[in-house]
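Asks:
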Amino acid sequence: MTPTNALKIPKPVNAEQVDAESLDDVRFIKDANGLDYIEIENRYATAKIALQGGHIMHWQPKHTNAPVLWLSDQSRYETGRSIRGGIPLCWPWFGAHPTDSSLCMHGFARVTPFTVVDVGQMPNGYTRVILQMGHTENAQRQLSYPYTLVLTIEIGATLSIKLATTNRASQPFFMGEAFHTYFNIGDVEKVSISGLEDTEYADKLLEYWRDKQEGAIQFNQEFDRVYVSTNAPVTIHDTVLRRNITINKKGSNTTVVWTPWQKKAHQMADMPRDESWRNMICVETANAMENLVMINPGYTHVLAVEYVVTDV
Ligand code: BG6
Numbered sequence: 000m001t002p003t004n005a006l007k008i009p010k011p012v013n014a015e016q017v018d019a020e021s022l023d024d025v026r027f028i029k030d031a032n033g034l035d036y037i038e039i040e041n042r043y044a045t046a047k048i049a050l051q052g053g054h055i056m057h058w059q060p061k062h063t064n065a066p067v068l069w070l071s072d073q074s075r076y077e078t079g080r081s082i083r084g085g086i087p088l089c090w091p092w093f094g095a096h097p098t099d100s101s102l103c104m105h106g107f108a109r110v111t112p113f114t115v116v117d118v119g120q121m122p123n124g125y126t127r128v129i130l131q132m133g134h135t136e137n138a139q140r141q142l143s144y145p146y147t148l149v150l151t152i153e154i155g156a157t158l159s160i161k162l163a164t165t166n167r168a169s170q171p172f173f174m175g176e177a178f179h180t181y182f183n184i185g186d187v188e189k190v191s192i193s194g195l196e197d198t199e200y201a202d203k204l205l206e207y208w209r210d211k212q213e214g215a216i217q218f219n220q221e222f223d224r225v226y227v228s229t230n231a232p233v234t235i236h237d238t239v240l241r242r243n244i245t246i247n248k249k250g251s252n253t254t255v256v257w258t259p260w261q262k263k264a265h266q267m268a269d270m271p272r273d274e275s276w277r278n279m280i281c282v283e284t285a286n287a288m289e290n291l292v293m294i295n296p297g298y299t300h301v302l303a304v305e306y307v308v309t310d311v
């Protein structure tokens, strides 16, 4: 990774302070539990973002006939609880914390409130939303380093996301991260994933046994693999919804592929009780295991992804 100079970050503002009047494409809403959301409908797509966790819950370009992101109908929308589905942000570690197992899986970003820095229309008609993670007591307890975490989302016919971490401490900072994206698919047994052929992976279901991927990935049981040292684009080929989803990435050297299958899905409180776990596959743009990122003081690292849907 080549560090870039620190980003100049505008002062965060609250959702209420954004001039929503001038943004026909954008609505700010609050639910009964007091959680805030941004709903977007522009010429190209619809989308919904929860401010807790900077969590993109929904995105559907108008040219395709089903949402691109899968969202569990058993998801709970509560303070401090991560949403099951959409795009949870794993940060500043991926999986279990390396040294303290009492800390939550996949880091605290996904349950931390973000504030709105800016929302606006781009010259191409896409909507850009910039969010910044707040410094809560819970976050401070788990990471006392000074840092800034800024999430930039560009919503249109494609979805682009950038997660910028700036090290504001005087010593280097090590971290793991992921866009833990749940894709909506026709049937997990009828999709294949290309782009990871010949790539080394650690199989979490076999105590991190290392092997090399042979051919495209297909599924007939639980699957949980961390593909390391790869920056290759990956494509999900969905023969049921008749579309391909291509994942282009930058600043990421790990790709995680996960599906729980029936037994595990039914053990998870916030997964559906029916067979709709078959309609999701997680393909995660990450930095994990030997691909952890080191950021020098004053520098910014950017994890970036772009999702492109092509009907076939
Ligand atoms: C994946 C992991 O990234 O996330 C799996 O590889 C894990 O091992 C899954 O089960 C879901 O994690 P969580 O914390 O959201 O239940």
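Quick note on numbering that gives the first Met the number 0: the sequence shown kicks off at 0 and runs consecutively.
Where is the CB? At the ideal position from N, CA and C, for every residue including glycine.
#1: Under 7 angstroms: does the beta carbon of M313 sit that close to some heavy atom of the ligand BG6?
#2: Only counting the same chain, and skipping five residues up and downstream in sequence, which positions put a Cβ closer than 6 angstroms to that of T309?
#3: Could you give the DSSP three-state label for A231: helix, strand or coil?
#4: Does the beta carbon of S81 fall short of 7 angstroms from some heavy atom of the ligand BG6?
#5: Any heavy atom of the ligand BG6 closer than 7 angstroms to the Cβ of V233?
#6: Quick one: what's got a C-beta closer than 6 angstroms to V307's C-beta in the same chain, skipping five residues either side?
#7: Does the Cβ of T98 have 16 or more other Cβ atoms within 10 Å, making it buried, or fewer, making it exposed?
#8: Verify whether the separation of the beta carbon atoms of N32 and T63 is less than 8 angstroms.
#9: For E20, which three-state DSSP category applies?
#10: Roughly how many angstroms separate the alpha carbons of R26 and I37, rounded to a whole number?
#11: Please report the distance separating the alpha-carbon of K262 from that of V118.
#12: Report yes or no: do the region 66-74 and the region 93-110 share at least 3 C-beta pairs separated by less than 8 angstroms?
#13: Taking A177 as part of the beta strand (DSSP E), name the residues at either end of that continuous run.
#14: Which parts of the region 205-285 are runs of the alpha helix (DSSP H), unbroken and 4 residues or longer, counting only runs that do not cross its ends?
#15: In the DSSP assignment, the alpha helix (DSSP H) including Q141 goes from what residue to what residue?
#16: Can you check DSSP and say which residues form a bridge with S316?
#17: Counting along the chain, where does the beta strand (DSSP E) carrying W90 start and finish?
#18: Going by Cα to Cα distance, which pick from P259, E188, A287, N219 is closest to V227?
Replies: Based on what the coordinates show:
#1: No answer is possible for residue 313: the residues shown for the chain start at 0 and end at 311.
#2: Against the sequence shown, residue 309 aligns to sequence position 310. So the list reads N243, once near-sequence residues are dropped.
#3: Taking the first residue of the sequence shown as position 1, residue 231 is located at position 232. Residue state, collapsed to three classes: coil.
#4: Taking the first residue of the sequence shown as position 1, residue 81 is located at position 82. Within the cutoff, so yes.
#5: The count along the sequence shown starts at 1 and reaches residue 233 at position 234. Remark: the shortest separation between the CB of V233 and any heavy atom of the ligand BG6 does not fall under 7 angstroms.
#6: In the sequence shown, counting from the first residue as 1, residue 307 sits at position 308. Cβ neighbours of V307 beyond the five flanking positions: T157, T245.
#7: To locate residue 98, count along the sequence shown from 1; it is residue 99. Per the 10 Å Cβ criterion, exposed.
#8: Your numbering for residue 32 matches position 33 in the sequence shown. Your numbering for residue 63 matches position 64 in the sequence shown. Taking 8 angstroms as the Cβ cut-off, N32 and T63 do not qualify as a contacting pair.
#9: Taking the sequence shown and counting its residues from 1, the one referred to as residue 20 is at position 21. Model confidence at E20 stands at a pLDDT of 45, short of 50, so the residue's coordinates are unreliable; what they give is reported in the following sentence. The DSSP-derived three-state label of E20 is helix.
#10: Translated into positions along the sequence shown, residue 26 becomes position 27. Translated into positions along the sequence shown, residue 37 becomes position 38. So the alpha carbons of these two residues sit roughly 6 angstroms apart.
#11: Looking up residue 262 in the sequence shown gives position 263. Looking up residue 118 in the sequence shown gives position 119. Answer to the nearest angstrom: the Cα atoms are 41 angstroms apart.
#12: The region 66-74 and the region 93-110 do not touch, with fewer than 3 CB-CB distances between them shorter than 8 angstroms.
#13: Here the question's residue 177 lines up with position 178 in the sequence shown. That run of the beta strand (DSSP E) goes 176-178.
#14: Scanning the region 205-285 from its first residue to its last, the whole alpha helix (DSSP H) runs of 4-plus residues come out as 260-266.
#15: Numbered from 1 along the sequence shown, position 142 holds the residue referred to as residue 141. Segment 136-141, the alpha helix (DSSP H) holding Q141.
#16: In the structure as shown, the chain begins at 0 and stops at 311. Residue 316 is therefore absent and cannot be evaluated.
#17: As a working note, residue 90 is residue 91 in the sequence shown. Where W90 is concerned, there is no enclosing beta strand (DSSP E), given that its DSSP letter is neither H nor E.
#18: Numbered from its first residue, the sequence shown carries residue 227 at position 228. It is A287.
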